[in-house]
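Student: Residue numbers (the working numbering), protein chains in the order written: chain A, 787 to 908; chain B, 45 to 284.
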């Protein structure tokens with residue numbers, strides 16, 4: 787799973803706080819990159835968080851999905867990470883949706899299977 | 045100790061010393077088991093360490109460490125949540141009963157952990173999504189992780205043959221309980237003769253420590269709280 791490579795490219799391409807269009811261009815490239823990892827990252831929480839967060843960031847920055855994308859810019863200083871998605875969780879203390887397992891899964895994903903392990907006694 | 049694996053396999057193990065229970069991309073759990081009485085193979089858990097790994101915008105790496113008579117209500121650095129990040133409260137330590145019962149909620153990985161001290165020993169229980177259980181790190185063959193694959197064959201104790209031997213004896217064993225008196229004691233807390241009941245009988249006969257009645261009782265209470273399939277709460281062996 788190469789999701790971290792997508793993250794690195796996003797950091798590289800959003801080198802400074804620029805106009806909204808620049809951020810949207812970078813975000814669309816990030817979206818494409820994340821989509822390409824769908825098969826290999828299926829069981830990876832970072833992937834599901836990223837997938838979920840992109841939609842939120844797109845709407846926060848009024849980005850269109852149809853516009854062009856950018857390539858990572860070379861030799862630019864690392865920018866601060868993008869702002870976390872808007873808090874819409876029903877459990878506000880959990881933080882952003884990417885920090886809540888159930889909320890970070892794709893909306894049409896089947897419910898998670900939970901397992902148990904116990905260790906006790908002599 | 046007695047182990048119920050993620051696959052609902054139930055085993056009684058020796059596993060003296062330090063052993064890993066869980067190790068994946070998101071957390072590691074290790075226990076240390078010590079002999080309960082000199083000369084016996086039976087051991088119980090005296091130390092437990094859990095490491096929650098750093099997770100994107102949510103939580104810093106945190107370690108929780110418990111030992112007999114030290115069941116803290118905080119991580120090793122004194123904090124009770126996942127740090128200073130926006131989603132830090134997705135990881136929280138909650139003290140339920142001072143020095144006896146702690147829950148750790150790791151919401152960012154859908155995981156709940158229960159740690160208890162019963163008598164002089166610790167118990168551990170976890171609820172975790174399959175995706176997290178199976179998030180194996182590359183190159184890690186996962187062979188020794190007890191919750192995933194159970195105890196190695198040479199570390200298992202056959203509860204059935206132990207029960208057969210104990211049942212044929214009428215006098216009290218070296219720890220003061222007869223098979224019948226141990227059964228009667230365990231029946232008070234565990235009316236169904238499932239593996240938890242059998243574990244309780246084994247523990248009383250091998251340790252003589254009445255606290256282990258409660259260890260089996262709370263282990264079953266934790267199953268009721270954490271296991272997603274109520275039809276699988278009780279497990280039966282031998283007489284199935």
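Cβ coordinates follow ideal geometry from the N, Cα and C atoms, glycine included.
If you're wondering where the values come from, they're calculated on a predicted model, not measured in any experiment.
1) Does the beta-carbon of residue 171(B) have 16 or more other beta-carbons within 10 angstroms, so that it is buried, or is it exposed?
2) Would you mind stating whether residue 957(A) and residue 788(A) have Cβ atoms separated by less than 8 Å?
3) Judging by CA-CA distance, which residue of 213(B), 111(B), 128(B) and 251(B) is the nearest neighbour of residue 159(B)?
4) If you scan the region 130-158 of chain B from start to end, which runs of the beta strand (DSSP E) of 3 or more residues do you find wholly inside it?
5) For residue 139(B) and residue 107(B), I'd like the C-alpha separation in whole angstroms.
6) Interface residues of chain B around residue 888(A) at Cβ under 7 Å?
7) Which value, in whole angstroms, describes the spacing of the CA atoms of residue 840(A) and residue 811(A)?
8) Can you list, in chain order, the residues of the region 149-183 of chain B whose Cβ is nearer than 7 Å to any Cβ on chain A?
9) Check whether the region 84-95 of chain B and the region 60-76 of chain B are in contact - that is, three or more C-beta pairs closer than 8 Å.
10) Report the residue ranges of all alpha helix (DSSP H) runs contained in full by the region 69-122 of chain B; include only those spanning at least 4 residues, in chain order.
11) From what residue to what residue does the beta strand (DSSP E) around residue 165(B) run?
12) Select from the region 807-840 of chain A all residues with a C-beta closer than 8 Å to any C-beta belonging to chain B, and list them in chain order.
13) What residue does the beta strand (DSSP E) around residue 900(A) start on, and which one ends it?
14) Within 10 Å of its beta-carbon, does residue 866(A) have 16 or more other beta-carbons around it, so buried, or fewer, so exposed?
15) State the DSSP-derived secondary structure class of residue 879(A), mapped to helix, strand or coil.
16) Roughly how many whole angstroms lie between the Cα atoms of residue 257(B) and residue 265(B)?
17) Report the rounded CA-to-CA distance for residue 61(B) versus residue 89(B), giving the unit in angstroms.
18) If you measure from the beta carbon of residue 138(B) to each beta carbon in chain A, is any gap under 8 Å?
19) Could you give the uninterrupted runs of the alpha helix (DSSP H) lying entirely in the region 228-270 of chain B, keeping only those of 4 residues or more?
Tutor: Quick answer:
1) Counting from one through the second chain, the residue named residue 171(B) turns up at place 127. So residue 171(B) counts as buried.
2) The requested residue 957(A) is not part of the displayed model; chain A covers only 787 to 908.
3) Locating residue 159(B) in the second chain gives position 115, where the first residue counts as 1. Minimum Cα distance to residue 159(B) is reached at 111(B).
4) 135-141 and 145-150
5) As a working mapping, residue 139(B) is identified with position 95 in the second chain. As a working mapping, residue 107(B) is identified with position 63 in the second chain. Computed Cα separation, rounded: 16 Å.
6) On the first chain, position 102 is the one that residue 888(A) refers to. Here the neighbours are 154.
7) Mapped onto the first chain, residue 840(A) falls at position 54. Mapped onto the first chain, residue 811(A) falls at position 25. Computed Cα separation, rounded: 12 Å.
8) 151, 152, 153, 154, 167, 168, 169, 170, 171, 172, 173, 174, 175, 177, 178 and 179
9) yes
10) none
11) The count along the second chain starts at 1 and reaches residue 165(B) at position 121. It spans 165-173 - the beta strand (DSSP E) in which residue 165(B) sits, taken as one unbroken run.
12) 829, 830, 831, 832 and 835
13) As a position in the first chain, residue 900(A) is number 114, starting the count at 1. Residues 900-906.
14) Start at 1 with the first residue of the first chain, and residue 866(A) comes out as number 80. Unreliable positioning characterises residue 866(A) in this predicted model, as indicated by a pLDDT of 39, which lies under 50. The coordinate reading is nonetheless provided below. With fewer than 16 Cβ atoms within 10 Å of its Cβ, residue 866(A) is classed as exposed.
15) Looking up residue 879(A) in the first chain gives position 93. Residue confidence is low: residue 879(A) scores 45 on pLDDT, short of 50, so the model does not pin down where it sits. No coordinate-derived value is stated.
16) Taking the first residue of the second chain as position 1, residue 257(B) is located at position 213. Taking the first residue of the second chain as position 1, residue 265(B) is located at position 221. Rounded to the nearest angstrom, the two C-alpha atoms are 12 Å apart.
17) Here residue 61(B) corresponds to residue number 17 of the second chain, with the count starting at 1. Here residue 89(B) corresponds to residue number 45 of the second chain, with the count starting at 1. Residue 61(B) and residue 89(B): Cα-Cα distance of roughly 9 Å.
18) As a position in the second chain, residue 138(B) is number 94, starting the count at 1. No, no contact with chain A.
19) 239-251 and 255-270
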